[in-house]
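The block underneath contains the structure these notes are about, expressed in structure tokens.
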Amino acid sequence: MTDQDHLTTAYATLTSSGWSGPGPALVVLGASQMLYALHPNGRVRGRFVISTAANGFGCRENSYQTPTGLHSVSDMIGAGEPLGRLFRGRQPLPVRVLESEDETQDYITTRILRLRGAEPGVNQGPGVDSFERYIYIHGTPYLERLGIPASHGCIRMRGQHILTLFDWLKSPGAPVLILP
Numbered sequence: 001m002t003d004q005d006h007l008t009t010a011y012a013t014l015t016s017s018g019w020s021g022p023g024p025a026l027v028v029l030g031a032s033q034m035l036y037a038l039h040p041n042g043r044v045r046g047r048f049v050i051s052t053a054a055n056g057f058g059c060r061e062n063s064y065q066t067p068t069g070l071h072s073v074s075d076m077i078g079a080g081e082p083l084g085r086l087f088r089g090r091q092p093l094p095v096r097v098l099e100s101e102d103e104t105q106d107y108i109t110t111r112i113l114r115l116r117g118a119e120p121g122v123n124q125g126p127g128v129d130s131f132e133r134y135i136y137i138h139g140t141p142y143l144e145r146l147g148i149p150a151s152h153g154c155i156r157m158r159g160q161h162i163l164t165l166f167d168w169l170k171s172p173g174a175p176v177l178i179l180p
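End of the sequence shown sits at 180 in the UniProt record's numbering; the numbers just go up one at a time, nothing left out.
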């Protein structure tokens, strides 16, 4: 299937789940390592290269995998912080990291979109809860790893791209559909 085929299916899933806007919905396509922002009319508003988990897709706690299924943005963290601002425990540190090759640190930068699973027993609830797993869409300084699975479960994006996405969303609640 092409990305467009996946997006057509994703749009149907999102609208049947009750999404009608006004803001965009996000669709993560693991096969192509892309994140799409969709208008309520189904058109693509933005297309971004991402990095999902090196361990693949799955919802189990401590799996270091990117969870699948329908989620929502529960928290938007980092408004007003500069590009590359480093976060630890969702708190900004007085440090900026724009690029890094040291993946032992798993830096989270620029902005954080914290996800909450919307499917009980799949990505919500004991042993599979995306919110309790601290699954985010966030900025990364590991630019050379974008486009390939390399994260510890989160969805990594270029800092400038997460800034754009953050501005488009404006407030929590946007649906996020993650497909392997």
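Glycine included, every Cβ here is placed at the ideal spot set by N, Cα and C.
Rounded straight-line distance, which links the Cα of residue j to that of residue i
i, j, result
"His6", "Thr104", "33 Å"
"His152", "Gln65", "7 Å"
"Leu26", "Tyr36", "6 Å"
"Leu143", "Ile50", "9 Å"
"Thr13", "Gly117", "15 Å"
"Glu132", "Gln4", "32 Å"
"Gln160", "Pro40", "24 Å"
"Pro149", "Gly18", "30 Å"
"Gly30", "Pro94", "33 Å"
"Ala79", "Val122", "30 Å"
"Gly125", "Asn55", "21 Å"
First through last residue of the alpha helix (DSSP H) which encompasses residue i
i, result
"Leu169", "Gly159 to Leu169"
Status (buried if at least 16 other CB within 10 Å, exposed otherwise) for residue i
i, result
"Leu98", "exposed"
"Ile155", "buried"
"Met1", "exposed"
"Ser72", "buried"
"Ser130", "buried"
First and last residue of the uninterrupted beta strand (DSSP E) at residue i
i, result
"Thr15", "It is not in any beta strand (DSSP E) - Thr15 instead sits in the alpha helix (DSSP H) that spans Asp3 to Ser16."
"Tyr36", "Met34 to Leu38"
"Ile77", "Gly69 to Ile77"
"Phe87", "Arg85 to Arg88"
"Ala31", "Element bounds for Ala31: n/a, residue is neither H nor E."
"Ile178", "Pro175 to Leu179"
"His138", "Tyr136 to Thr140"
"Phe48", "Val44 to Ser51"
"Leu115", "Ile108 to Gly117"
"Val95", "Gln91 to Arg96"
Close Cβ partners of residue i (< 6 Å) along its chain, the five nearest in sequence each way excluded
i, result
"Val114", "One point to set straight first is that residue 114 is Arg, not Val, in the sequence displayed. Answer for Arg114: Ser74, Asp75 and Tyr136, listed in chain order."
"Pro92", "Glu81 and Arg85"
"Thr68", "Phe57, Ile178 and Pro180"
"Pro175", "Leu14, Trp19, Ala25 and Ser72"
Supposed close pair residue i, residue j - CB separation, criterion 8 Å
i, j, result
"Thr110", "Gly89", "With a Cβ gap of about 16 Å, Thr110 and Gly89 do not count as contacting."
"Leu70", "Leu163", "No, Leu70 and Leu163 are not in contact; Cβ-Cβ is about 25 Å, not under 8 Å."
8 Å CB neighbourhood of residue i in its chain, flanking five on each side removed
i, result
"Val44", "Leu7, Tyr36, Ala37 and Leu38"
"Gly21", "His39 and Pro40"
"Val128", "Cys59, Arg60, Glu61, Pro67, Gly117, Gly121 and Val122"
7 Å CB neighbourhood of residue i in its chain, flanking five on each side removed
i, result
"Pro172", "Val73, Ser74, Asp75 and Met76"
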